[in-house]
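Let me begin by presenting the structure, written as structure tokens, before commenting on it.
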Amino acid sequence: MLSKKSYVELTELEDECNQTLDNPSEFKIDVEYWENVLKRIKVKKAKAYLKDLGKEFLDGVKILPKKEKKIEKVEVRTDGNLSPRLLDAIPEEYEDDVVTAEDDSIELNIIRSNIITT
4 MLSKKSYVEL TELEDECNQT LDNPSEFKID VEYWENVLKR IKVKKAKAYL
54 KDLGKEFLDG VKILPKKEKK IEKVEVRTDG NLSPRLLDAI PEEYEDDVVT
104 AEDDSIELNI IRSNIITT
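Residue numbering for the sequence shown follows this note's numbering, starting at 4 and increasing by one per position.
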């Protein structure tokens, strides 16, 4: 009775059940049966709503543009080493960011001498 019903159809069926339960004297009905049917309708209605919502969401996801994947060229090393090769030259845009061991040592000595003199 409830399977394969849409959300709208289940809502209509729920209204009919409520009308039947509101006027039990009109018809000779088994109230307990109709209350159980109403409970099942509410569960099916919630499932149908979630199914429709999920379908709308998935349809929306399919419409979204896909990001282009950038394929990076990977160098395969044959010398058995799995690490990438070191860069021979640092690009100009990163030259100011690179700290050599010598520069780091000089900077640390300056900091240490400032601490000792204070």
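Just so it is clear, CB atoms sit at the ideal spot from N, CA and C, and this is done for glycine as well.
Predicted model only: the values in this text are computed from it and were never measured.
Neighbourhood of V40 by C-beta distance below 7 Å, restricted to the same chain and skipping five residues each side:
Within the sequence shown, the letter at position 37 stands for residue 40. Answer for V40: C20, listed in chain order.
**Message:** Please report the straight-line C-alpha distance between K45 and L13, rounded to a whole angstrom.
**Reply:** To locate residue 45, count along the sequence shown from 1; it is residue 42. To locate residue 13, count along the sequence shown from 1; it is residue 10. Going by the C-alpha atoms only, they are around 8 Å apart.
Requested in this report: Report the three-state DSSP secondary structure of K31 (helix, strand or coil).
Outcome: The residue given as residue 31 occupies position 28 in the sequence shown. In the structure shown, K31 sits in coil (DSSP, three-state: anything other than H, G, I, E or B).
When you compare each of Q22, L111, S6 and V11 to W37 by their alpha carbons, which one comes out closest?
Sequence index remark: in the sequence shown, residue 37 carries index 34 (1-based). Cα-wise, what sits closest to W37 is Q22.
- Distance between beta carbons of E15 and R48, contact taken as under 8 Å: Looking up residue 48 in the sequence shown gives position 45. Looking up residue 15 in the sequence shown gives position 12. Sequence check: residue 48 is Lys here, not Arg. The Cβ separation is near 11 Å, so there is no contact.
So, with DSSP's three-state summary, where would you put T120? Taking the sequence shown and counting its residues from 1, one reaches residue 120 at position 117. Correct three-state label for T120: helix.
Near D106, what residues of its chain come up, given a Cβ to Cβ distance below 7 Å and the 5 sequence neighbours on each side ignored?
-> Within the sequence shown, residue 106 is the residue found at index 103, counting from 1. Nothing meets the Cβ criterion.
Between which two residues does the alpha helix (DSSP H) harbouring T14 extend? Within the sequence shown, the letter at position 11 stands for residue 14. Segment Y10 to D25, the alpha helix (DSSP H) holding T14.
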